[in-house]
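Novice: Have a look at this one before I ask anything.
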Amino acid sequence: MFKLVAILSLVALAVHAQDASRPIINTSGGQIQGITSSCGLFCSYFAFNGIPYAQPPVGELRFRNPRPAAPWTGVKDGSEHRSTCPSGGFLGGVSGSEDCLYLNVYTQNLIGQRPVMVWIHGGSFTGGSGNSWIYGPDNLMPEDVVVVTINYRLGILGFFSTDDVHAAGNWGMKDCVMALQWVRQNIAAFGGDPNNVTIFGESAGGVAVHYLVLSDKASGLFHKAIAQSGTALVPWGFQYRPRELAYRLADRLGYTHDSAQLVQSLRNTPIERLIEVQEGWLDIEIPRGFKPFDFVPNAEPVNSPEETFLTQLPIDIMNAGTFNHVPFIAGYMSMESLFMVYEHTIDSTVWDAFTRNPDYFVPHFWNIPHGTAAAAAVSQGIRNAYWQDRPLSDSIMVEWLTFHTDQQFIYAIDKTIRLHAQRSSAPTYYYQFSFDGDLNLVKRVLLLSSWPGAMHADDIPYLWSVTDLSISPILPTNHARTVSNRFVRLFTNFARFGNPTPNAVDTLLQSRQWLPVTASSVPYMDIGTRSGDERQPERPAYGIYFRKMSARQAAFVTFVSILTLASLGTVSAQNDPSRPIIDSPAGQLQGTTESCGLFCSYYAFKGVPYAEPPVGSLRFRNPVPRASWPGVRDASSHGAECLQLSIIPGQLRGSEDCLYLNIYTQQLIGTRPVMVWIHGGGYNANSGNSDEFGPEKLVQENVLLVTLNYRLGVLGFLSTGDRYAAGNWGLKDCLQALRWIRANIRAFGGDPDNVTIFGNSAGAALVHLLTLVDAGQGLFHKAIAQSSTALVPYAFQPRPRFYADRIASALGFGTDSTTYVEQLRTVPAEQFVPFQQAGLTVPVPRFLRPSDFGPVVEPSDAPEEILIRQRPIELIRNGAHRVPLIVGYNDLEGAFFTAFENAIDPTVKGQFNANPHLLVPMFWNVGEGTAASGQISGAFRDHYWQSRPLDASLDYEWTVYQSDHLFLFAIDQTVRFHAQSSTVPMYYYQFSYDGDLNLYKKLFGVQHPGAIHTDELPYLFHIPSAMLVPVSPDSHANTVSSRLVRMWTNFARTGNPTPTQDPLLQNVQWPVMGATGAGYLSIGHDLMLAQQTPNPTRMNLWYDLQRTYANAPFEL
């Protein structure tokens, strides 16, 4: 009894309930006194109306982001709604006030915590409010939820944008975010659970809900979402050309087109004048409803001075999967566009306009130019499918309204559902509301009861008590009441559990189970006379038309190409980019926001130190983890490259203080796969910086990309072969970078338990070595080796002491490693670089021999951590490969080196003519002058160039041989060895596409067909330094690029490059390599699977010669 009294006393104190029917609640802004309202017999709830959540957006706050409401003193009366946001009055003039940012809270209980449902009203983004005249909570209250309804700015005041820094737009959407922030901070005081918030809305409110799902600015503010009769993809819900509308508004008002002056003029314009202009545009030109409304959400410039809400096209966010992964319901009414029957009453020209302009039927979002054959085909397909191409007249009105419904609503909603099911980690549910009964009040008020189906907004009276539209009492026994109770139960179940049918038995719901949509199955719930779970919704015409035209759906993605160059310039000019600050265990980092195309941006954190500078006593030692730094570190610029030769002869670039990495991501919230790039460059050159490896392509697939520097040449790979300088410093740098990533990447939105390492050329050899050594275990989970493995001829140095002694002797330090290593630590770093010129000056066979400074086997008595204890071939045979692996090469790798040698040394072919033993692979351990050497060189000469003397006329034949010797055979051998010794999935590819993005081939002037060494890189990365001329958006090279990026990021995400049927990937399923090592994917103009070994005739020659003549192959 004492406990009960104490509890009741606390409750009384909490709500200050001197009058039980007028509770007083403490909020962050002040005290609010509510009222008690009735929801029927023995049913009541508390209502708190007109709570300010933001300051009035007036004066200088017009066209600016909302500010939190100022605190008030005393007790604010919450018995009445406050002003609605300005819109056109029903009989003309203006309804509402700019001081309108209020919300209403309804709850049956102020104690405890219950699910919160936040309603966002519809009204074409130009009208409506959250007030209870239309959205009375009576139906929802008995299900024990807290309901919040909100106002947000509308029309010009809510969505005007100059598409630049002066008026970014989306003010109404930012109001919704501000309201949700208020809910998160205050709703617990009203008996709501701030950690269980569902947003829901209808029509423009449904579109707004979906935008909140797409915006990272709303992350964490809600946990489930319901979009009724609208998503961000509906044709009227996104404005692609806000600047054009701003200029039209300026012209109508007689204002300048200068953005800064225009915005200031509009801030001083009376609201009545703005509404008058806005209302004048409500008489939309034909084709009505098929194109964007004037003032709706838009993509904001990334350099906006205030926080942005949305900076990308909705379809880009959905394709990338970079939205808030929350349980999601979306659906539509079976005859949404029934209201369009009145279009013909108010405008008798509609039939004639469509007859004269058949291109009006073509969806604008498919980006098909009017007057083209494609437009004519689409238009004809629609007319045939819906009304068999009969003349347009009132006789086809039902078919016409069905087409309108599909075009205005259903297709976009269906597309949204499918993309969410494919990309979201949370469940997605789909419904159709088809019930036509006594609560379909909108239909009845508009005198359309004789028409079939449920029309737009007919679902509202099934959720809400709509006093504005009450026509005659509905008896409790009316089946419409049952449908209403079901609808409410489904939505409140979803708010409570994330599942609309959590219980196997619920007699109200007829014990139905509403199944979520998957990538392969599209079930939906039909809410009709007898609700039930069905197969995917498909009316005959809808299925014929939209499936027939599905190939054109890609226009969603490419729609951006029709936007003006002026808009492009605005987005590109980032003079004041966003500067996010991240708290990581290593310290605070302030990044930048950078562009990856129109309405595409990502966060960049550059020059992040992952190890102490390897200078002085730390030279030729394992990397030391970087100490954390105080304050905020500027991460807007790359760190220094590691010391190397400049492309300008005789000059150097870089620094010994070079151990930095760069992080790129489109999202800082949640976790996503991490891809770590290890650059190539023969262990002597390059860096991870974005001028060579721009992240723009990869980040759009919702992965986090890390690129890194590692020590190069002498500084990175000198080894004395003993304990005084064990070697592999550059490889150990890569390992240290991975350890830094493991400890810090979650702060940047990366998943430390899903890391893929990938690299090209020497970077691929390092990737392969990391998969073979014990120290890398747990730091990464998948690997991709492009155009090299640890077995290629240059990749591994078997005689490191020779090259270390040679440097020490040249510098006057002798050949005693016990003393000269310490002396080498005192030498200016620049003095080592001439010894790194091996790539330019090493004698023939030049690249067919191990690099002077590369990975080595370390001595067992090394005083620091050892990475490589055995030769790569021994590690492979011992089954050291432990993670899923992609390995492959470009089909004409050697052309890179042929072109290089032709430029620097025209004597190369003559030297091979004079000494055929140079043709014999070093990794076969065949002595010069032996019979075996003669047999091998003779077989190669005969096969590749029919034993003719090598000269310039045999460039192609020589290139093919170089490709096989330098890369193809060793890579193929790697694949076979792994297939035999490991059960971990492995995928094998050949990149053969020769197109507009083969930039290095173009730079070298190679004319032979095929892809040369490094040619695949511009298909993965944006590489401005190699871009000679712009590549047309229509180039097939862009498709090949998208395919390569999709497969690599699929692999990073799932361990399978083709986890599902994907039209972009031509529905190809790339099989895992079998135990024989045969079978591969050819990445050319199309993706093609092959069952045999690549280049079987050439590879059979190599394997035959190896079996016959080689001595302990690869055991150098």
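So in full-length UniProt numbering, spot 443 of the sequence shown is number 443, and the numbers just go up one at a time.
Even for Gly, the Cβ is constructed at its ideal location relative to N, Cα and C.
Between residue 38 and residue 434, what straight-line distance do the alpha-carbon atoms span, to the nearest angstrom?
Specialist: Approximately 30 Å, taken between the alpha carbons.
Novice: Should residue 340 be labelled buried (16 or more other beta-carbon atoms within 10 Å of its own) or exposed?
Specialist: The residue is buried, with at least 16 neighbouring Cβ atoms inside 10 Å.
Novice: Is it right to say residue 603 is buried, meaning 16 or more other beta carbons lie within 10 angstroms of its own, or is it exposed?
Specialist: The residue in question, residue 603, is buried, as its Cβ has 16 or more Cβ neighbours within 10 Å.
Novice: Less than 8 Å between the CB atoms is what I'm expecting for residue 483 and residue 437, so what's the real figure, rounded?
Specialist: At roughly 6 Å, the Cβ-Cβ gap stays under 8 Å, so residue 483 and residue 437 are in contact.
Novice: With a threshold of 16 other CB atoms inside 10 Å of the CB of residue 600, please say whether the residue is buried or exposed.
Specialist: By the 10 Å Cβ count, residue 600 comes out buried.
Novice: CB-CB under 8 Å to residue 1173, same chain, minus the five flanking residues each way: which ones, in chain order?
Specialist: There is no way to answer for residue 1173, as the model of the chain reaches only from 1 to 1116.
Novice: If we ignore side chains and look at the alpha-carbon of each, how far apart do residue 953 and residue 945 end up?
Specialist: One C-alpha to the other measures close to 10 Å.
Novice: Note down, one range per segment and in chain order, each alpha helix (DSSP H) of at least 4 residues found wholly within the stretch 235 to 308.
Specialist: You should have 242 to 253, 259 to 267 and 271 to 280.
Novice: Whose CA, out of 240, 528 and 107, lies closest to the CA of residue 161?
Specialist: Checking every option, the nearest Cα to that of residue 161 belongs to 240.
Novice: Grab me the residues of residue 369's own chain with a C-beta within less than 7 Å of its C-beta, minus the 5 sequence neighbours each way, in chain order.
Specialist: For residue 369, where only same-chain residues beyond five positions count, the Cβ hits under 7 Å are 375.
Novice: Which partner residues of residue 786 appear in the DSSP bridge assignment?
Specialist: DSSP lists 760 and 888 as partners of residue 786.
Novice: Of the choices 651, 859 and 798, whose alpha-carbon is the least far from that of residue 852?
Specialist: The residue with the shortest Cα to Cα distance from residue 852 is 798.
Novice: Name the residue from 964, 360, 896 and 348 whose alpha carbon lies nearest to the alpha carbon of residue 1096.
Specialist: Answer by Cα proximity: 964.
Novice: Between which two residues does the beta strand (DSSP E) containing residue 195 stretch?
Specialist: That run of the beta strand (DSSP E) goes 192 to 202.
Novice: When you compare the stretch 578 to 588 with the stretch 648 to 659, are there three or more beta-carbon pairs, one atom per stretch, that lie closer than 8 Å?
Specialist: In short, these stretches do not touch, since the Cβ pair count stays below three.
Novice: Out of 596, 256, 320 and 159, which has the shortest C-alpha to C-alpha gap to residue 214?
Specialist: The shortest C-alpha separation from residue 214 is found at 320.
Novice: Which residue marks the beginning of the alpha helix (DSSP H) containing residue 990, and which one marks its end?
Specialist: Here residue 990 belongs to no alpha helix (DSSP H); instead the beta strand (DSSP E) covers 986 to 991.
Novice: Starting from residue 487, follow the beta strand (DSSP E) in both directions and report where the run begins and ends.
Specialist: It is not in any beta strand (DSSP E) - residue 487 instead sits in the alpha helix (DSSP H) that spans 479 to 497.
Novice: Cutting at 8 Å between CB atoms, please list the residues of its own chain near residue 814, excluding the five before and the five after it.
Specialist: Hits under 8 Å: 808 and 820.
Novice: Considering Cα atoms alone, identify which of 1010, 1013 and 993 is closest to residue 1043.
Specialist: The option with the nearest alpha carbon to residue 1043 is 993.
Novice: Which ranges would you report for the beta strand (DSSP E) in the stretch 138 to 214 if only whole runs of at least 3 residues count?
Specialist: Counting whole runs of 3 or more residues, the stretch 138 to 214 contains the beta strand (DSSP E) stretches 146 to 150 and 192 to 202.
Novice: By the 10 Å Cβ neighbour count, where 16 or more other Cβ atoms means buried, how is residue 464 classified, buried or exposed?
Specialist: Buried, by the Cβ-count rule.
Novice: According to DSSP, is residue 384 part of a helix, a strand, or is it coil?
Specialist: Helix, per DSSP.
Novice: Is residue 594 helix, strand or coil by DSSP?
Specialist: Residue 594: strand per DSSP, three-state reduction.
Novice: By Cβ distance below 7 Å, which residues in the same chain neighbour residue 1009 in space, the five residues on each side in sequence not counted?
Specialist: 994.
Novice: Report the partner residues of residue 224 according to the DSSP bridge assignment.
Specialist: Looking at the DSSP assignment, residue 224 forms a beta bridge with 198.
Novice: Is the stretch 267 to 281 touching the stretch 175 to 185 in the sense that three or more CB pairs, one from each, lie closer than 8 Å?
Specialist: Contact fails: fewer than three Cβ-Cβ distances are below 8 Å.
Novice: Per DSSP, what kind of secondary structure is residue 1182 in: helix, strand or coil?
Specialist: Residue 1182 falls outside the range modelled here, since the chain spans only 1 to 1116, and no answer is possible.
Novice: For residue 445, is the classification buried or exposed, using 16 other Cβ atoms within 10 angstroms of its Cβ as the cut-off for buried?
Specialist: Flag for residue 445 reads exposed.
Novice: Just grab the DSSP bridge partners of residue 230 for me.
Specialist: In the DSSP output, where bridge partners are listed per residue, residue 230 has none listed.
Novice: Can you list, in chain order, the residues of its chain with a C-beta nearer than 7 Å to that of residue 1045? Leave out the 5 residues immediately preceding and following it.
Specialist: Hits under 7 Å: 697, 698, 701 and 1020.
Novice: Helix, strand or coil for residue 565, going by three-state DSSP, please let me know.
Specialist: The pLDDT assigned to residue 565 is 24, lower than 50, so where the model puts this residue is not dependable; a value taken from the coordinates is nonetheless given after this. Three-state result, residue 565: helix.
Novice: Identify the continuous alpha helix (DSSP H) that holds residue 723 and give its terminal residues.
Specialist: Premise fails: residue 723 is in no alpha helix (DSSP H) and is neither H nor E.
Novice: Can at least three beta-carbon pairs, one atom from the stretch 629 to 636 and one from the stretch 678 to 689, be found at a separation below 8 Å?
Specialist: The stretch 629 to 636, when compared against the stretch 678 to 689, does not touch it at the 8 Å Cβ threshold.
Novice: Hey, quick one: how far does the beta strand (DSSP E) through residue 432 stretch, first residue to last?
Specialist: Run containing residue 432: 428 to 433, per the beta strand (DSSP E) assignment.
Novice: According to the neighbour-count rule (16 or more other Cβ atoms, all chains shown, within 10 Å of its Cβ), is residue 205 buried or exposed?
Specialist: Counting Cβ neighbours within 10 Å, residue 205 comes out buried, since at least 16 surround it.
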